[in-house]
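Data block below; observations after.
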Amino acid sequence: MRIRSHRPVLHSPCTTLAPFVADHEALGRLRPAFVRALAREFDLGALAGRLCPVLLEGSYAALFALADYVHGDQADELERLMRKRGYRLAAPARYVLPSPLLLAVAREAAGAPGLHAADHPAQRRTALQALFFDMVRWGVRHGASDLHLHADRRAATAQVRYTVGGAYVAAPCFNGLSHACLLEILAVAWMDVRAGNGAVFDPRAEQQGRIALQVDEVPVVLRWASLATDHGPSVCLRILRQDPPQGGASLAELGYLPAQAATLERACQRAGGAVVLAGTVGAGKSTTIATMLRGLPAERKLVTLEDPAEYAIANALQNSVSRSLEGEAGAPFDAKLLTIKRSAMHDLYLGEVRDRQTGRVFTDLAGSGVSLYTTTHAGSALLIPERLASDFIGVSRDFLATPGVLKLLVYQTLLPRLCPACALPLAMLWHRGAGRSHAQRLAWRCWAARLRRAGVALAQARVRNPAGCAACAGAGLPALRGYAGRTVVAELLEPETDAVLLDLIRRRDNPALRRLLGRRARRQPPDAPLRAVDCAWRKVEAGVVDPRLVERCFALPPALRTPVGAEDGHG
């Protein structure tokens, strides 16, 4: 009888009554002692690697399971089948194991007495697929943007890490995975890759591709990028949720200030010119662009040209362009461009400008009269023209300085958003009960005074509570306690009709550009900051961002830097 798999009832090792077996050593101490796995006697299907019936000493049987599966209809049904086969259930009859250990048991690789070295490739493949899926599901449930899988031979075991809220964190439930097992997982996962370079996973080569799957009824696309490092392969999987809320319901919800959101929306309404959004890797550029594009009027025809498409945009005709890692000539774009320019569209999204191929496409489209939206990697709005005109991309400076070509330049980064339920008053930094020395408290108080003299209003400013609370500590990751997601910090420039700005871009006078921006920033009203750092301080004033975090993203004058030796307390 096949045991059906469906969404499990959620439990954790801390809340379930089933004992937790943490590692091989704990497995060896189990009484009655573990003898062998019984998985081959039952048709577990997709549950392989999540539930595993086992034989214990004295002819007793028990059920090893992941925490999410230890209770529920599947576990109950498996126990019933075990009794039907004549097995006596031990007391307790169920145990919770971490994924790597359960997989080792299911594959009869735990090294316990009585194990037999039989080869069952179909069952092994199913268990490996289940473990890979559980890794992805953990990331989706905890809001991770990336899943990182490292088979670094310098470490005792493989590493499974995630990017959650901008932090690079480990999920304890996947600790202890062997390098050999991770390589097998990657080989099995690669079988589901589409548009990949290579028929099989090659740990000695760079590879890329996409995997589409459903996680908790949510469509998810994984963008695969593997790096062949000196010490073993490292795979980064960007987790792209395809359900509509992923793009953000509005620019305001992403963190754009009202005046900034209004500027973006005006730019989207005007025909012609390019809106270029810049930021570093993981700064949320694609999410912001998707939000902007979803807000375009229905009477506008929107076409995208992406490498590859990331988020589903319902009102767009999306086109994915597959390019090899060798970077041959721009043939992948040519056929699409010839047709797209004859498709009578109003708006076009070019996924990213990052090399001469996409630079050529940008030049072609930005001068064609359509409204163009794109992204690039740059450290500020001022550096966007410099990036586009670089030797690596090759867009002409004269072209960029032509009025009407660059409609709006946007730079954004993400800062952790304080948990509104437990954030602490700024004065806690120098409070006597905070466990700091007199010198540390004085240093923080003087730092706050300098911020006030610089014009930062601190009446509502708050700092992170590193202990967290019920609202923010659910993931069990210390690095995220006290935070509730991230918020956009941005700066916007409108060079479209700014003759002074365009002339400086043409002459590549970056120092003069910076001085010009500084003068204009001082004249800006507080609710419409011109520079991203000023936007960050506005969020500090509103109690949204910890003031100690501003220094992480921006070069501050010495007087505004956090005091050395007074502890950071926010990492």
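Throughout the sequence shown, residue numbering follows full-length UniProt numbering, covering 1 to 571 in sequence.
Even for Gly, the Cβ is constructed at its ideal location relative to N, Cα and C.
This one's a predicted model, so the numbers in the text were calculated from it and none came from an experiment.
Paired residues, beta bridge with I211 - DSSP: By one-based count along the sequence shown, residue 211 stands at place 211. Looking at the DSSP assignment, I211 forms a beta bridge with L222.
Sequence-distant residues of the same chain with beta carbon closer than 7 Å to A144, five excluded per side: Sequence index remark: in the sequence shown, residue 144 carries index 144 (1-based). Sequence-distant partners of A144 (beyond 5 residues in either direction) whose C-beta falls short of 7 Å from its own C-beta, in its chain, are Y162, T163, V164, I239.
Three-state class that DSSP yields for P113 in the structure shown: Along the sequence shown, one-based indexing puts residue 113 at 113. Here P113 scores only 40 on pLDDT, less than 50, and its place in the model is too uncertain to base an answer on.
Chain-order list of residues whose beta-carbon lies under 6 Å from that of G485 (same chain, five-residue window excluded): Against the sequence shown, residue 485 aligns to sequence position 485. These residues qualify, in order along the chain: R417.
Burial state of V281, where buried means 16 or more other Cβ atoms lie within 10 Å: Against the sequence shown, residue 281 aligns to sequence position 281. Exposed.
Rounded straight-line distance, which links the Cα of E79 to that of Y60: Stepping through the sequence shown from its first residue, residue 60 is reached at position 60. Stepping through the sequence shown from its first residue, residue 79 is reached at position 79. Looking at the two C-alpha atoms, the distance is approximately 12 Å.
Alpha carbon of residue 625 to alpha carbon of Y168, nearest angstrom: Beyond the ends of the chain as shown, which are 1 and 571, falls residue 625; an answer cannot be given.
Reduced DSSP secondary structure (H/G/I, E/B, other) of F20: What you label residue 20 is simply residue 20 of the sequence shown in a count that begins at 1. Residue state, collapsed to three classes: strand.
Contact with chain D by Q440, beta-carbon distance below 8 Å: Checking the listed chains, one finds no chain D in this structure; it contains a single protein chain.
V488 vs Y256 beta-carbon contact at 8 Å: As a first step, residue 488 must be located in the sequence shown, where it is residue number 488. As a first step, residue 256 must be located in the sequence shown, where it is residue number 256. Yes. Within cutoff.
Inter-residue Cα distance where the pair is G518 and A471: Position 518 of the sequence shown, counted from the start, is the residue given in the question as residue 518. Position 471 of the sequence shown, counted from the start, is the residue given in the question as residue 471. Between G518 and A471, the C-alpha separation is close to 40 Å.
Cα-Cα separation, L115 to E41: In the sequence shown, the residue the question calls residue 115 occupies position 115. In the sequence shown, the residue the question calls residue 41 occupies position 41. Unreliable positioning characterises L115 in this predicted model, as indicated by a pLDDT of 37, which lies under 50. The coordinate reading is nonetheless provided below. Rounded to whole angstroms, L115 to E41 spans 15 Å at the Cα level.
Start-end ranges of the alpha helix (DSSP H) lying completely within the region 146-194, minimum 4 residues: 179-190
Three-way DSSP call (helix, strand, coil) for R506 in this model: Within the sequence shown, the letter at position 506 stands for residue 506. R506 falls in the helix class under three-state DSSP.
Status (buried if at least 16 other CB within 10 Å, exposed otherwise) for H438: Within the sequence shown, the letter at position 438 stands for residue 438. So H438 ends up on the exposed side.
Straight-line Cα distance separating Y349 from Y373: Within the sequence shown, numbered from 1, the residue matching residue 373 stands at position 373. Within the sequence shown, numbered from 1, the residue matching residue 349 stands at position 349. Cα to Cα, Y373 sits roughly 5 Å from Y349.
Pairwise C-alpha distance: A454 and W430: Residue 430 sits at position 430 when you count from the first residue of the sequence shown. Residue 454 sits at position 454 when you count from the first residue of the sequence shown. C-alpha separation (whole angstroms): 20 Å.
Collapsed DSSP secondary structure at R486 in the structure displayed: On the sequence shown, position 486 is the one that residue 486 refers to. Three-state DSSP puts R486 in a strand.
Check whether A67 and V96 have beta carbons under 8 Å apart: Counted from its first residue, the sequence shown places residue 67 at position 67. Counted from its first residue, the sequence shown places residue 96 at position 96. Result yes, Cβ atoms of A67 and V96 sit closer than 8 Å.
Expected contact under 8 Å - CB spacing of V105 and R241 to nearest Å: To locate residue 105, count along the sequence shown from 1; it is residue 105. To locate residue 241, count along the sequence shown from 1; it is residue 241. That belief does not hold up - the Cβ atoms of V105 and R241 are roughly 32 Å apart, past 8 Å.
Inter-residue spacing [alpha-carbon to alpha-carbon] between C181 and W224: Against the sequence shown, residue 181 aligns to sequence position 181. Against the sequence shown, residue 224 aligns to sequence position 224. Taking the straight line joining both Cα atoms gives about 19 Å.
Neighbourhood of A366 by C-beta, 6 Å cutoff - its chain only, sequence neighbours within 5 removed: Position 366 of the sequence shown holds residue 366. A274, L372, V405.
Spatially closest choice to C52 from C236, T126, C268, by CA coordinates: As a first step, residue 52 must be located in the sequence shown, where it is residue number 52. That would be T126, whose Cα lies nearest to the Cα of C52.
The alpha helix (DSSP H) enclosing C236, as first and last residue numbers: Along the sequence shown, read from residue 1 onward, the residue named residue 236 stands at position 236. C236 -> not in any alpha helix (DSSP H); beta strand (DSSP E) instead, spanning 232-241.
Distance CB(residue 574)-CB(G176) smaller than 8 Å: Any answer about residue 574 is impossible in this case: the structure gives the chain only from 1 up to 571.
8 Å contact criterion, which L302 and T288 should meet: CB distance rounded: Within the sequence shown, numbered from 1, the residue matching residue 302 stands at position 302. Within the sequence shown, numbered from 1, the residue matching residue 288 stands at position 288. Between T288 and L302 the Cβ distance is about 16 Å, and since that is not below 8 Å, they are no contact.
Integer-rounded CB distance, given that P425 should sit under 8 Å from R462: Position 462 of the sequence shown, counted from the first residue, corresponds to residue 462. Position 425 of the sequence shown, counted from the first residue, corresponds to residue 425. Right, the Cβ-Cβ distance comes to about 6 Å (below 8 Å), so this counts as a contact.
Integer Cβ distance of V235 from L186, believed to fall under 8 Å: Here residue 235 refers to the residue found at position 235 of the sequence shown. Here residue 186 refers to the residue found at position 186 of the sequence shown. About 6 Å; that satisfies the 8 Å criterion.
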